[in-house]
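Before any comments, here is the structure.
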Amino acid sequence: MTKNIAIIGGGLSGLTCAKGLAEAGHKVTLFDKGRGPGGRMSTRRMDTPQGSRHFDHGAPWFLAEHPDFVDLLEQWAEQGVVARWPDPEGPSWVGVPAMNALVRQAGLGMDVRYGVQITALVKARQDWWLHEGLKPHGPFDAVVLAIPAEQAALLAGLHDFSMARAAAEVVSIPCWTAMFAFDAPLDAPDIISEAGPIHLALRNNAKPGRPDGCCWVVQADEDWSRQHLEEDNAKVAGMLLAALQEATASTQEPALAAAHRWRFAQPAGGCLSRKAFWNAGLQLGACGDWLAGSGVEAAWLSGRDLAQRMVQG
């Protein structure tokens, strides 16, 4: 029987689950609060006097070790969607020409509604209704939560206590990320790590398939990000610029500076006893890297596992 299924969260895990369900003949609609595809693999485009610049301000790269995920990436590499970086022989990958290319590829043919933040779930008899504030979406036969653990705990709380409790026990790591565009290249390595408050700084245009223009992405470490979590974006950008200038011995001022706060950048630890939650009685599921272990590969594995469980009933 064909089901009408809603997935909250349009990142890689949700899209992977959606693909598996769609291939089994189900109708799937995804809702994502972001402005476009990417989630924590987002890419931001900003204009400077020298032209537009692109910044992978989410995951800088990702690892792939599971044979099935590696096989998929090899297929996408042949299509120019991903490439190995920084080691062409290593397990690290990036999207091409931006990190969100991976999510765009995973979402081909999917019905994704961006700019929609679901704030509540309501079960009315056999039907699920999703509420965007006072605006309802539905009815749906089943719902999947493909969002960070803290958000999943809130939505599942009135329906599945075990799922909500497991999600509530997961703590996510925050991360402040700054983006800088310079008129001239900085005399520095492409990757800088553990320098003052900097966890990782990298020259974004050093990645394969990137347009010209000196662009740097700077990720603050966990302690610094927690300490400054509620600071103003502009102030954070200024502090991380000073850290980058110190790390590179540069006094060059950027043509553009911005910052983004990832409140739920990645889970500090996941419920590793299972890859996904599926309550067949309620027709409610959850997937994401907070279940299968942190990282892009874990998100993909979790979404695939949940789709398989749902198809099996």
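Once you know that position 150 of the sequence shown is 150 in the UniProt record's numbering, the rest is easy, because the numbers rise by one and skip nothing. Positions of the beta carbon are idealized from the N, C-alpha and C atoms, including for glycine.
For H260 and D221, I'd like the C-alpha separation in whole angstroms. In a straight line, the C-alpha of H260 is about 14 Å away from that of D221.
For M46, does the three-state DSSP call read helix, strand or coil? The answer is strand: DSSP assigns M46 an E or B state.
Run the CB neighbour count on E297, radius 10 Å, all protein chains shown included, and call it buried at 16 or more, exposed below. It counts as buried.
Bridge partners for K135 per DSSP, in chain order? K135 pairs with E132.
On the DSSP bridge assignment, give the partners of C175 in chain order. DSSP lists W262 as partners of C175.
Would the beta-carbon of W300 fall within 7 Å of that of P267? No.
For K235, count neighbouring C-beta atoms within 10 Å of its own C-beta (all shown protein chains included) and say buried if the count is 16 or more, exposed if not. With fewer than 16 Cβ atoms within 10 Å of its Cβ, K235 is classed as exposed.
Which residues in the same chain have their Cβ closer than 6 Å to the Cβ of N233, if we skip the five residues on either side of it in sequence? Residues of the same chain with a CB within less than 6 Å of the CB of N233, apart from the 5 flanking positions on each side, are A259 in chain order.
Buried or exposed (CB count within 10 angstroms, at least 16 for buried), S172: Taking a 10 Å sphere around the C-beta of S172, we find 16 or more other C-beta atoms and assign the residue as buried.
Whole-angstrom distance between V311 and A142, CA atom to CA atom: Between the C-alpha atoms of A142 and V311 there is a straight-line separation of about 12 Å.
Cβ-heavy atom distance between A268 and the ligand PLP below 6 Å? Of the ligands one can find in the structure shown there are none, so the ligand PLP has no counterpart to examine.
How big is the Cα-Cα spacing for R309 and A101? For R309 and A101, the distance between alpha carbons rounds to 27 Å.
Below 8 Å, can you find three or more Cβ-Cβ pairs linking the stretch 208 to 223 to the stretch 274 to 288? Contact between the stretch 208 to 223 and the stretch 274 to 288 is absent, with fewer than three C-beta pairs closer than 8 Å.
Which stretch, first to last residue, makes up the beta strand (DSSP E) that contains R203? Per DSSP, the unbroken beta strand (DSSP E) holding R203 starts and ends at I198 to R203.
Continuous beta strand (DSSP E) stretch holding E169: start and end: Neither: E169 is in no beta strand (DSSP E) and is coded neither H nor E.
Among A247, W93, P86 and K123, whose alpha-carbon lies nearest the alpha-carbon of E77? It is Ala, not Glu, that sits at residue 77 in the sequence shown. Check the Cα spacing between A77 and each of A247, W93, P86 and K123: the tightest is with W93.
Nearest to R104 by alpha carbon, out of R53, S42 and G238? Nearest option by C-alpha distance: S42.
Drop a sphere of 10 angstroms on the beta-carbon of I191, count the other beta-carbons inside from all chains shown, and report buried for 16 or more, exposed for fewer. Result: exposed.
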